[in-house]
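S.K.:
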DNA sequence: GGCCGGATCAGGGGATACCCCGATGGTCCG
DNA sequence: CGGACCATCGGGGTATCCCCTGATCCGGCC
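Protein chains in written order, with my numbering: chain A, 24 to 240; chain B, 24 to 240.
1. Hey, is residue 149 of chain A's beta-carbon within less than 8 Å of any beta-carbon in chain B?
2. How is the beta strand (DSSP E) around residue 83 of chain A delimited, first residue to last?
3. Are any of the Cβ atoms in chain B nearer than 8 Å to that of residue 152 of chain A?
4. By Cβ distance, which residues of its chain are closer than 7 Å to residue 139 of chain A, with the 5 residues on each side in sequence left out?
5. Hey, would you say residue 31 of chain A sits closer than 8 Å to residue 67 of chain A, going by beta carbons?
6. Within the 8 Å Cβ cut-off, does residue 229 of chain A reach chain B?
7. Measuring CA to CA, which of B:44, B:102 and B:39 is closest to residue 70 of chain B?
8. Identify, in the order they occur along the chain, each residue of the same chain with its Cβ nearer than 6 Å to the Cβ of residue 110 of chain A, setting aside the five sequence neighbours on each side.
9. Is there at least one Cβ from chain B nearer than 8 Å to residue 237 of chain A's Cβ?
10. Measure the C-alpha to C-alpha separation of residue 172 of chain A and residue 36 of chain A and round it to an integer number of angstroms.
11. Residue 128 of chain A by DSSP, collapsed to three states: which one?
12. Taking the beta carbon of residue 58 of chain B as the centre, do at least 16 other beta carbons fall within 10 Å, making it buried, or is it exposed?
13. Can the beta-carbon of residue 40 of chain A be found less than 8 Å from the beta-carbon of residue 34 of chain A?
14. Does the count of Cβ pairs from the region 196 to 210 of chain A and the region 194 to 204 of chain B closer than 8 Å reach three?
15. Which residue's Cα is closest to the Cα of residue 203 of chain A: A:186, A:234 and A:219?
16. Going by DSSP, what residues sit across from residue 30 of chain A in a beta bridge?
17. Between A:232, A:65, A:38 and A:128, which lies nearest to residue 15 of chain A when the distance is taken from Cα to Cα?
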């Protein structure tokens, strides 16, 4: 295909925009520029670019705000792809930007040819990250499981205590747990005492949160 | 650096393993092979590869099981990077594999040179995805916010009810909520009745799970 | 003004939750 | 065999949860 990728450059520094524009040269089709959130939203709607090069620290709410506004105005199908371009390599910036809908995140230390390649790949639906940043995203994504610290505590529970714990954490009343496990309510209470003591919790509410945080439900 | 990347190939089909091995040629250092979960875990501990090429549909629990077992035996620091290699491009396979800790996911339609490049990039900490699959991961990540269906229920709560709800869901006792908001326990009870009625829940335990599922904590 | 919804409070009561004490069996182990 | 750990129960108590009815005050709306 000979169609060049249509790109919109969003950054609050005019100097940087012209730098990017000259680096990109004729490899892509720069259809416009924007310097803040409002301009960016308007420019996307007007020019319908394939890829938006989006500065993360943008006046008026940051690049994430641009994506949020556009996601409500445009269907996710026909909207542009967003490639975040930032001086920051802080994890919270990267994660926040991805959560907001960006398909890639590269730092401004990138070279011109690399940026052209990144734009191409994003326009095709691929995800592009500066090598060091990819770890942040996947760690944050996989990290929501968090098994490591759990086992130390969880392993101290006996098999029966774990069964009771699981049901209690799901919101079962003692009476219901008793019926479910064919034991007396008093036995359930005994197990629960052990569970709370071993996990250093003080109520079933804390237990529910504890289990919920660790996705044991 | 001249050090070749040390690679372990995990797949239950011997034919496929030898195919991969010949495709990789001398570009990387294949230190071993494994055909199921147990062999894979043992081989990683024995050979300490830099990158594990991991089949997703593996007898004995799948590739995810390999990563789970190793994550408990090895510190996350010195463990290998995992690159999932699968015939499946189903979203649930991709998401599940990434959640389990893989740093990349490519389909078996990949060419030899592309695979070598993918292995190199994963070994350097980059994330590698077949273009079409990257969207799954990022959509799932960004989509974990899920505001859409919540507002219908959540919007029916008044401001005060939301405050009470948030504290209750966090495990606060009525008494503690009352102190926190400078109101009477009886008022807290009234608000809670409204909250439970409007959300069609019947106890604070269900509320905790409800809020937890929606990340309102 | 009358109506309605929200926020505030009260009394009372049945059901739970959590804790204290103690007790009985069973297994496993030195 | 005695000690440990576990699973199983009980009595009794206090605090908490959840619901019921009923009340006052305020602000918006027709």
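Just so it is clear, CB atoms sit at the ideal spot from N, CA and C, and this is done for glycine as well. In this text, all values refer to a predicted model and were calculated from it rather than measured experimentally.
M.R.: This is what the structure gives:
1. Cβ-Cβ to chain B under 8 Å: yes for residue 149 of chain A.
2. Counting along the chain, residue 83 of chain A falls outside any beta strand (DSSP E), and DSSP gives it neither H nor E.
3. It does; some Cβ of chain B falls within 8 Å.
4. Cβ neighbours of residue 139 of chain A within its own chain (closer than 7 Å, five residues either side excluded): 47, 50 and 51.
5. Less than 8 Å divides the Cβ of residue 31 of chain A from the Cβ of residue 67 of chain A.
6. Yes, contact with chain B.
7. Residue nearest to residue 70 of chain B within the set B:44, B:102 and B:39 is B:102 (criterion: CA-CA distance).
8. Counting only Cβ-Cβ distances below 6 Å, and skipping sequence neighbours, we find 131.
9. No, residue 237 of chain A does not count as interfacial toward chain B.
10. Interpretation of residue 172 of chain A is limited by its pLDDT of 45, a score under 50 that renders its predicted location unreliable; no figure is taken from the coordinates.
11. Strand.
12. Buried is the call here.
13. Result yes, Cβ atoms of residue 40 of chain A and residue 34 of chain A sit closer than 8 Å.
14. Proximity of the region 196 to 210 of chain A to the region 194 to 204 of chain B falls short of the contact definition, fewer than three beta-carbon pairs being nearer than 8 Å.
15. Ranking A:186, A:234 and A:219 by Cα distance to residue 203 of chain A puts A:186 first.
16. Partner(s): A:53 and A:74.
17. An answer regarding residue 15 of chain A cannot be provided, because it is not within the stretch 24 to 240 covered by chain A.
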